[in-house]
Amino acid sequence: NSTTPTTTTIDSSGFDKIGCVGLGLMGHGICQVAATSGVHSKIIAFEQEQRFLDSGNDRILKSIDKLVEKGKLTLDDANDAMGRTEFTTDMDALRDVDLVVEAVIENIDLKKDLYTSLGEICKPETIFASNTSSLSIGEMAAFSGRPDRFLGVHFFNPVQLMKVVEVIKTDDTDPIVLEKGLKWVEEIGKVSVLCGDTPGFIVNRILVPMLMQSMSLIDRKDASVKDIDVAMKLGCGHPMGPLHLADYIGLDTCYFIVSGWMEKYPDESDFFIPACLQANIEAGNLGRKTGKGFYHWE
Ligand code: CAA
Numbered sequence: 042n043s044t045t046p047t048t049t050t051i052d053s054s055g056f057d058k059i060g061c062v063g064l065g066l067m068g069h070g071i072c073q074v075a076a077t078s079g080v081h082s083k084i085i086a087f088e089q090e091q092r093f094l095d096s097g098n099d100r101i102l103k104s105i106d107k108l109v110e111k112g113k114l115t116l117d118d119a120n121d122a123m124g125r126t127e128f129t130t131d132m133d134a135l136r137d138v139d140l141v142v143e144a145v146i147e148n149i150d151l152k153k154d155l156y157t158s159l160g161e162i163c164k165p166e167t168i169f170a171s172n173t174s175s176l177s178i179g180e181m182a183a184f185s186g187r188p189d190r191f192l193g194v195h196f197f198n199p200v201q202l203m204k205v206v207e208v209i210k211t212d213d214t215d216p217i218v219l220e221k222g223l224k225w226v227e228e229i230g231k232v233s234v235l236c237g238d239t240p241g242f243i244v245n246r247i248l249v250p251m252l253m254q255s256m257s258l259i260d261r262k263d264a265s266v267k268d269i270d271v272a273m274k275l276g277c278g279h280p281m282g283p284l285h286l287a288d289y290i291g292l293d294t295c296y297f298i299v300s301g302w303m304e305k306y307p308d309e310s311d312f313f314i315p316a317c318l319q320a321n322i323e324a325g326n327l328g329r330k331t332g333k334g335f336y337h338w339e
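The UniProt record's numbering puts the first residue of the sequence shown at 42, with every later residue one more than the last.
Encoded structure:
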């Protein structure tokens, strides 16, 4: 059950070679953290299109440079990590990996197609782990042909700095697979928390309604963007105020999460789209990624 402690009885995950599918905002960070952890002999970094592969590679290099510059990673370790990472657009390269971590865009149809292909390509023992933040793990697992070897590993942005990873199990997840997932999270230097396959898991189920409530304050003209953020930073000790954080996450991502939940759970009053969020989306102001949202970003 969901209250199982997040400790494991195994010595190691046994994940020697892993695959990272999707090198966007989250995926490049997961790939980087796995590579710099030094626990894998090979990391296959996969994107379907060369331009996305190149931008993922670029993001990793920039982040690694920053960590080296700050003395958080040695140049030798950085070179070693990059040397063990193979960037490819050939899905067949994932054939014999022990673990696939998927972080492609949050589109259930796209993910179903991807897991159908991966299920056919990867060796039977390969474990699949999705970094989805809001889709059902069970729904995706059903398409993989291996629901017992499927779990969720939900990282937080920026992956390189955020310590926690939610590990999600379904009713079908084999207990040993779950233990391996928990162990792996520890091996790459993160802290795991365990949750069932429920909308938003732990963090987003609490965080996203809070972001929506902060936008409702704007809609009602009860408080300004600045004052809401100052209030939550100094009143609750949050590192970023909720509107700053919504911009940082991406307003499209916030919108996507909530609209998916509204469709699936129409009776849940926590799930709604505030007018100011709708207006930003319609204006193409998606937060940090477009330079404008609740704030202007450099
Ligand atoms: N790689 C390497 N270094 C990075 C980096 C990255 N990806 N991102 C930031 N850094 C560096 C910065 O350059 C900075 O370096 P300097 O100290 O040399 O300037 C350092 O890390 C700290 O960054 P900041 O100056 O921005 O300082 P900070 O103390 O504000 O820390 C933060 C940044 C960790 C992001 C912090 O503000 C924070 O914890 N914010 C909240 C983030 C959060 O809540 N994330 C969860 C979002 S929800 C989510 O991800 C789930 C979902 O599904 C939607």
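Glycine is no exception: its CB is placed at the ideal position from the N, C-alpha and C atoms.
Burial state of residue i, where buried means 16 or more other Cβ atoms lie within 10 Å
i, result
"E69", "Checking the sequence, you will find His at residue 69 rather than Glu. So H69 ends up on the buried side."
"L116", "exposed"
"R92", "exposed"
"S53", "exposed"
"G278", "exposed"
"L318", "buried"
"S82", "exposed"
"P307", "exposed"
"I229", "buried"
"residue 4", "Look at the range of the chain in this structure, 42 to 339, and you will see that residue 4 is not part of it."
"R187", "buried"
"T239", "exposed"
"D260", "exposed"
"T49", "buried"
"G328", "buried"
"A320", "exposed"
"N120", "exposed"
"I178", "buried"
"S310", "exposed"
Straight-line Cα distance separating residue j from residue i
i, j, result
"E180", "P280", "34 Å"
"P315", "L252", "10 Å"
"T44", "D293", "Because the pLDDT of T44 is 46, which lies under 50, any placement of that residue in the model is unreliable, and the number read from its coordinates should be weighed accordingly. Looking at the two C-alpha atoms, the distance is approximately 32 Å."
"L286", "V205", "17 Å"
"K221", "A183", "20 Å"
"F312", "D118", "44 Å"
"S78", "G332", "32 Å"
"M273", "Y296", "21 Å"
"V145", "I168", "17 Å"
"E207", "E166", "23 Å"
"P216", "A134", "28 Å"
"A324", "G55", "48 Å"
"K231", "N98", "22 Å"
"S174", "T214", "18 Å"
"residue 14", "M256", "No information on residue 14 is available, as it lies outside the stretch 42 to 339 that the chain covers here."
"I149", "E227", "28 Å"
"G291", "L248", "14 Å"
Check: residue i C-beta below 7 Å from any heavy atom of the ligand CAA
i, result
"F169", "no"
"K152", "no"
"L108", "yes"
"Q201", "yes"
"G278", "no"
"V244", "yes"
"T294", "yes"
"L248", "yes"
"G70", "yes"
"I290", "yes"
"F197", "yes"
"K111", "yes"
"L275", "no"
"L327", "no"
"L102", "no"
"S300", "no"
"L286", "yes"
"M281", "yes"
"S174", "yes"
Element boundaries [alpha helix (DSSP H), containing residue i]
i, result
"H69", "68-77"
"H285", "283-290"
"T157", "149-162"
"E127", "Looking at the DSSP string, E127 is not in any alpha helix (DSSP H); the run it does join, the beta strand (DSSP E), is 126-129."
"R246", "244-260"
"V266", "266-277"
"Q319", "316-323"
"P216", "216-228"
Closer than 8 Å to chain B by CB, residue i
i, result
"S82", "In summary, chain B is missing from the structure at hand, where a single protein chain is found."
First through last residue of the beta strand (DSSP E) which encompasses residue i
i, result
"I84", "83-87"
"C61", "58-62"
"E207", "205-210"
"G193", "191-195"
"S96", "Careful: S96 lies outside any beta strand (DSSP E), inside the alpha helix (DSSP H) at 91-110."
"A170", "168-171"
"G237", "232-237"
"V142", "140-143"
Practice item. For the segment 59-78 and the segment 187-206, state whether three or more C-beta atom pairs, one from each stretch, are separated by less than 8 Å. Key: yes
Review point. At a cut of 8 Å, does the segment 81-91 reach the segment 131-147 through at least three beta carbon pairs?
Key: yes
Practice item. Answer yes if the segment 122-130 comes into contact with the segment 148-168, meaning at least three C-beta pairs across the two stretches below 8 Å, and no otherwise. Key: no
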